[in-house]
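Contents: one structure, followed by commentary.
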Amino acid sequence: MDLAFADLLTKQGSLTVNFYQLVLSANGFECESWLNLRNDSDVPLRFAADHPLAPRVDVVGRTGPKDTERAGTWPSTSWGTITRGGFDKTTGTRTYTWTFLGTVHACGKGDNEADLRFH
Numbered sequence: 029m030d031l032a033f034a035d036l037l038t039k040q041g042s043l044t045v046n047f048y049q050l051v052l053s054a055n056g057f058e059c060e061s062w063l064n065l066r067n068d069s070d071v072p073l074r075f076a077a078d079h080p081l082a083p084r085v086d087v088v089g090r091t092g093p094k095d096t097e098r099a100g101t102w103p104s105t106s107w108g109t110i111t112r113g114g115f116d117k118t119t120g121t122r123t124y125t126w127t128f129l130g131t132v133h134a135c136g137k138g139d140n141e142a143d144l145r146f147h
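The numbering of the sequence shown is the numbering used here, which starts it at 29 and goes up by one.
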């Protein structure tokens, strides 16, 4: 058995996803928002090249014409890399993939939280 998953044989790991946006934000106005991933379990979560942590984020323009992207600046992250996908003019959606390889520490055992920040 792969050592990366040995702790999970006897314990359960969980990854929590949270979304944060400024309180005074509204549709049609530029603001900052964050997608946050946090390991809330008591075991480290390990991600390798053949099994990365790679959530896909679809950013949808909810105001204005769908064929015109209302894009902010490139998102930034505290962990991993960001790949910018194409823009779908029929839905007004830009897709991003956030890829992380490595270990997400157990809760209380180090840096167990990562942010993807949209500007």
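For each residue, glycine too, the CB sits at the ideal point set by N, CA and C.
Environment of residue i [buried if 16+ CB atoms lie within 10 Å]
| i | result |
| --- | --- |
| R74 | buried |
| V88 | exposed |
| P93 | exposed |
Spatial distance of residue i from residue j (CA atoms)
| i | j | result |
| --- | --- | --- |
| T121 | H79 | 26 Å |
| Q49 | E60 | 6 Å |
| W96 | T125 | Note on identity: in this sequence residue 96 is Thr, with Trp being the wrong assignment. T96 and T125: Cα-Cα distance of roughly 21 Å. |
| L63 | K117 | 24 Å |
| L81 | D143 | 13 Å |
| R90 | T119 | 9 Å |
| C135 | R145 | 22 Å |
Simplified DSSP assignment, three categories, for residue i
| i | result |
| --- | --- |
| S61 | strand |
| R90 | coil |
| W107 | coil |
| E97 | coil |
Residues that DSSP places opposite residue i in a beta bridge
| i | result |
| --- | --- |
| N67 | L43 |
| H79 | A76 |
| W126 | I110 |
| A142 | L65 |
| T5 | Residue 5 is absent from the model: the chain starts at 29 and stops at 147. |
*Would the stretch 42-51 and the stretch 103-120 be scored as touching if the rule is three or more Cβ pairs under 8 Å?*
No contact exists between the stretch 42-51 and the stretch 103-120.
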